[in-house]
Ligand code: S3P
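Numbering (the working numbering), first residue to last: 2 to 175.
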């Protein structure tokens, strides 16, 4: 049987951290982020990992975090934007619990992502290249149990929609 975590996936700027934290509070659950787990275990920031060890090493660390997540139950888990986008990873996430894809208009996602900064995957890429990256990732995110369109919505509105969808799916006692 699948576990009872809620796993949030989606492109950079989708609001996975903000909405995930809010959702965890509403559900009275713990919130964990794979990016934070990586930073804590490596003792360096994500831009530093990309700069000093390269993207492939970062993806390897993400795979290790997937193994560590197998111990979790009842948590809200926000994943890094690229974590689900390799063969077999969505299947692993779906085994952890209900997977929620926070989607949205790619230009809006990008505008949000650029506001916060520190995202090595955006460095040196044109708007077109980032749209292409988003398009190439959609088939992975699309394997989520639930999809929420965040376009034009506040974090509060998004979380209310997620809660309603989780209730509909009888996935949590919300
Ligand atoms: C990445 C997204 C980032 C972080 C890393 C790589 C990606 O997380 O994991 O910079 O490949 O999309 P956010 O989605 O929280 O920005």
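Cβ coordinates follow ideal geometry from the N, Cα and C atoms, glycine included.
- For residue 34, there is no enclosing alpha helix (DSSP H); the enclosing beta strand (DSSP E) has its first and last residue at 32-34.
- The closest CA to that of residue 42, considering only 83, 169, 63, is found on 63.
- Per DSSP, the continuous alpha helix (DSSP H) segment holding residue 112 begins and ends at 107-117.
- Its Cα nearest to that of residue 83, the residue 139 stands out among 69, 139, 107.
- Distance from the CA of residue 25 to the CA of residue 107, rounded to the nearest whole angstrom, comes to 25 Å.
- Under the 10 Å beta carbon count, residue 153 is surrounded by fewer than 16 other beta carbons and is classified as exposed.
- Beta-bridge analysis with DSSP links residue 160 to no other residue.
- Around the beta-carbon of residue 76, 16 or more other beta-carbon atoms lie within 10 Å, marking it buried.
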